[in-house]
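In the working numbering, the protein residues as written are 943 to 1074.
Next comes the structure, spelled out in structure tokens:
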């Protein structure tokens, strides 16, 4: 009952009722990533390509899509990662979620959210002023 209510009243929790109905009617599950996000395809989009979409395991956050799935969902590659033909590139790193706004976010020296002090200004910079 809780899942139904969150899908009925919010758009950021996994999927809406409209997405659930569309997936049930037109979707074919292609695979699932290590975070539990499910990937589907079915129907045709406005450009004549197969429509592809993701249903997130919990909160909808686009940075939770790993690189291989990102390429597939945006039609950059035709082969989805669970396929035998899929080979990740040698330069691809393991997926990391976007940490902005979280306690693990990057905070440079001098940020108001750290106890570190900003580096001292050296004075080798002359600001531009109009007419100079």
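Every residue gets a Cβ at the ideal spot worked out from N, C-alpha and C, and that includes glycine.
Just the C-alpha distance for residue 971 and residue 1012, rounded to the nearest angstrom, thanks.
16 Å
Have a look at residue 1058 and residue 982 and give me their C-alpha separation to the nearest angstrom.
46 Å
The beta strand (DSSP E) with residue 1007 in it runs from where to where?
Taken as a continuous stretch (DSSP letters only), residue 1007 belongs to no beta strand (DSSP E), as it is neither H nor E.
Counting beta carbon pairs with one atom in the segment 972 to 981 and one in the segment 997 to 1007, are three or more of them shorter than 8 Å?
Short answer: they touch.
What distance in whole Å lies between the Cβ atoms of residue 1051 and residue 1061, which are believed to be in contact at a cut-off of 8 Å?
6 Å
Kindly give me the distance between the Cβ atoms of residue 994 and residue 1014, rounded to whole angstroms, as I take these residues to be in contact under 8 Å.
7 Å
On a CA-only basis, which of 1010, 996 and 1070 is nearest residue 962? Give me that one, please.
996
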